[in-house]
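Asker: In this note's numbering, the protein residues as written are 221 to 823. Ideal placement from N, C-alpha and C gives every residue a C-beta, glycine not left out.
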Amino acid sequence: MTALVRAVDLALDAISGYRRPDLETRLRQARARLLDEQVRVLVVGEFKQGKSMLVNGLVGAPVCPVFDDIATAVPTVVRYAESPSATLIRVPDPDGDPTGQRIERTPIALERLAEFASESGNPGNRERLGQIEVGLPRALLEGGLELVDTPGVGGLNSVHGAATMSALPSADAVLLVSDAAQEYTAPELEFLRQAIAVCPNVACVLTKTDLYPEWRTIAELDRGHLARAGIDAKLFTVSSTLRFEALRGGDSELNTESGYPPLLTYLRREVLGQADDLARRSTVHDVLAVTEQIAESLRAEESAQRNPEKAQELIGRLTTAEQRATGLKERSARWQQTLSDGVADLNADIDYDLRDRLREIMHEAEEALFRGDPAKIWDQFAPWVEQAVANAASANYVWATQRARWLANRVAEHFDEDRVHLLPSLRTEPSDALRSVRALSVRPGENFGLGRRLLTGFKGGYMGVLMFGMLGTLIGLSLLNPISVGAGVLLGGRSIGDERKRLVTRRQNDAKTALRRYIDDVTFRVGKDSRDMLRVVQRDLRDHFTAQAEQMKRSVQESLQAAQNSVKASKSERDARLAELSTELSRLDAVQRQARGLLQEKP
């Protein structure tokens, strides 16, 4: 990174005399990215799989609370710091701060982490914490690595799993943690499929190999599941207990047996290394693009100064280039139309996709309600609906992210064939729309207990006895006779059955109403969140490519002005200016050679 920062500084110094604040801003932004950008690794998995122990083992310190009765309640972000520290990041109250801009940061002692990070100390995240940030002076973290210990999701297709899924686009890598007690489940494999779609690095970690003698069999089964599912992800087997014993005793053989060295190598080479390589290529491209814009202006002037008779031809070409650059800035420019039409299409497609997924869930749920009594199945029915809806919402969000990146590539094609370097980061914030959705609930139904059943049966039986008893008197029988009593029993039982069906039908209707209300709430909130995300993407792309167009236009204008001025210069002025131009071009060429040389270095 030091060489990259030095290359940016040389480029800034080389263009400082040309009064191009737009190009200087671009280089300063590239420099800031080099110094500040973190490489984010999400550690995800179901409850009690060993995620917190894994993070502790990677950094060699017990920063995440781990006990048999403790589950992580709040994401814990572990990053580099000169000295150990911990900070609570509190979620703003939407009612007190509608903009959500006042974020509270409260430093705490590391010893108090369990009070806020665990489910026992902070049940249901009653403290309303967005995350907890932990700083540690560790070599692994010094390169910018940032480990995020996420809460256990209780099933990766649960509501909490949807929140984890929505964080994938902001991650540079994902570690899916599963212990050696059993092979991969279907939700874990589905999570991996979606993670690979939006994240550049996905790996699997099999934990607790010291507890399960058959862990090698489980590992082979997991590799088979990954291969059959077409998921290209490495699988690491580790024991956090052996790791800490090795660190405590300085035992290198035990550390090797723990399985951590290959995982650490993966994080350093493939995660940090890939991020460094991307930063290297992006920064070199910025340096070359900025210096080349200055150099092109100088070459145009040099050509005009050296061959005044061909200046008009050059001026004509530059005028055409200026018109093209001006066209890129207009609202009617093709890239503007591509962006506007693309976002409109995305909004429609994403809204349709969400509604279609939720409609299928609602149809299946209504069929389940039709077949049973909601009072008997509600405890299983409501969690199933919430999980299915959460899975649909997260899949919709991931698909929206993929489509947004595809649109960015289409817009970039209007500027440069090497469009990868022209794209902004487009790191969307995780969606928390489902957190604001009211839980699926239904009002308590009428109690059809023994007393009410007896009363209902008595009413029906009384009418049966009375009706058939009166008919019996016409043929000389008493009011109470075997026929009237039998009719009373039959009608009493029928009344109980009819009342039970009426109550079940009423409960079914109430449940369907609650289901539709819940689906409508999810559609409204998740749909709005997707539209907000696309508006942010549209704004970022518009501002980014507008800045690119402005840079291009100004560079061409300066080249055109220099060519026009050269026509009016005397021979002595041209000779003096040619010497200056040669010196400046040599200086810029040296900066570009150094920048290109950085691409040959190994990250």
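Excluding five sequence neighbours on each side, which residues of the same chain lie with their C-beta closer than 6 angstroms to the C-beta of Y300?
Answerer: Closer than 6 angstroms at the Cβ level, and outside the excluded window around Y300, lie L361, E362.
Asker: Taking C-beta to C-beta, are A439 and L426 nearer than 8 angstroms?
Answerer: The answer is yes: Cβ separation under 8 angstroms.
Asker: If you measure between the beta carbons of E325 and G350, is that distance less than 8 angstroms?
Answerer: The question names Glu, but residue 325 in the sequence shown is Arg. It is not a contact, given that the beta carbons lie outside the stated cut-off.
Asker: Using CA atoms only, rank isn't needed, just tell me which of R226, E778, A401 is closest to K268.
Answerer: Closest by alpha carbon: A401.
Asker: Between the alpha carbons of T461 and L455, how many angstroms are there, rounded?
Answerer: Rounded to the nearest angstrom, the two C-alpha atoms are 19 angstroms apart.
Asker: With three or more C-beta pairs closer than 8 angstroms as the rule, is the segment 737–744 touching the segment 482–494?
Answerer: Touching, no.
Asker: May I ask you to report which of helix, strand or coil DSSP gives N527?
Answerer: Residue state, collapsed to three classes: coil.
Asker: Within the same chain, show all residues whose beta-carbon is closer than 7 angstroms to that of N567, passing over the 5 residues directly before and after it, in chain order.
Answerer: Taken in chain order, the residues that qualify are R751, L754.
Asker: Nearest by alpha-carbon distance to Q777: which of T725, S517, L798 is it?
Answerer: When each option's Cα is compared against that of Q777, the closest is S517.
Asker: Should G237 be labelled buried (16 or more other beta-carbon atoms within 10 Å of its own) or exposed?
Answerer: G237 is exposed by the Cβ-count criterion.
Asker: Given L559, which residues of its chain have a CB within under 8 angstroms of its CB, disregarding the five upstream and five downstream residues?
Answerer: Once the five neighbours on either side are set aside, the close Cβ partners of L559 are L627, V631, Q758, L761, R762, F765.
Asker: Identify whether S305 lies in helix, strand or coil by the three-state DSSP scheme.
Answerer: Three-state result, S305: strand.
Asker: What do you get for P314, buried or exposed, if any count of 16 or more other CB atoms within 10 angstroms of its CB means buried?
Answerer: Residue placement at P314 cannot be trusted, given a pLDDT of 46 that sits under 50; the coordinates are not used to answer.
Asker: Can you tell me whether A387 is buried or exposed, with buried defined as 16 or more other CB within 10 angstroms of its CB?
Answerer: Flag for A387 reads buried.
Asker: Out of P327, R332, E331, V297, which has the shortest C-alpha to C-alpha gap to P371?
Answerer: It is V297.
Asker: Are A227 and Q814 touching if we call contact CB-CB under 8 angstroms?
Answerer: Their beta carbons are under 8 angstroms apart, which means A227 touches Q814 by this criterion.
Asker: Excluding sequence positions up to five away, which residues of its chain have a Cβ less than 6 angstroms from the Cβ of M582?
Answerer: Contacts found: I739.
Asker: Between the beta-carbon of R358 and the beta-carbon of G280, is there less than 8 angstroms?
Answerer: Contact flag set, yes.
Asker: DSSP three-state label for G355, please.
Answerer: G355: strand per DSSP, three-state reduction.
Asker: To the nearest angstrom, how far is the alpha carbon of V563 from that of R554?
Answerer: Each residue's Cα considered, the two are about 14 angstroms apart.
Asker: Answer with buried or exposed for P327, where buried requires no fewer than 16 other C-beta atoms within 10 angstroms of its C-beta.
Answerer: Exposed, because fewer than 16 other Cβ atoms sit within 10 Å of the Cβ of P327.
Asker: Just curious, the alpha helix (DSSP H) that F267 is in, first and last residue?
Answerer: Element bounds for F267: n/a, residue is neither H nor E.
Asker: In three-state terms, what does DSSP make of A337?
Answerer: Helix, per DSSP.
Asker: Would Q768 and F635 be called neighbours here (beta carbons separated by less than 8 angstroms)?
Answerer: Contact flag set, yes.
Asker: How far does the beta strand (DSSP E) with T456 in it extend, from its first residue to its last?
Answerer: The amino acid occupying residue 456 in the given sequence is Phe; Thr does not appear at that position. From DSSP, the beta strand (DSSP E) with F456 extends over 454–457.
Asker: Ends of the alpha helix (DSSP H) at D569?
Answerer: That run of the alpha helix (DSSP H) goes 554–591.
Asker: With a 10 Å radius around its C-beta and 16 neighbouring C-beta atoms as the bar for buried, classify L492 as buried or exposed.
Answerer: That one is buried.
Asker: By DSSP's criteria, N421 is part of a beta bridge. Which residues make up the other side?
Answerer: A393.
Asker: Going by DSSP, name the residue or residues bridged to P327.
Answerer: Answer is T307.
Asker: Say whether the segment 394–410 touches the segment 496–513, bearing in mind that this needs 3 or more beta-carbon pairs closer than 8 angstroms, one atom from each stretch.
Answerer: Touching, no.
Asker: Cutting at 6 angstroms between CB atoms, please list the residues of its own chain near N377, excluding the five before and the five after it.
Answerer: Here the model assigns N377 a pLDDT of 47, short of 50, so the residue's position is not dependable, and the following value carries that caveat. Excluding residues within five positions, the ones whose Cβ falls inside 6 angstroms are P407, Q607, N611.
Asker: Quick one: is N616 buried, meaning 16 or more other Cβ sit within 10 Å of its Cβ, or exposed?
Answerer: Flag for N616 reads buried.
Asker: Between which two residues does the alpha helix (DSSP H) containing R468 stretch?
Answerer: Run containing R468: 460–469, per the alpha helix (DSSP H) assignment.
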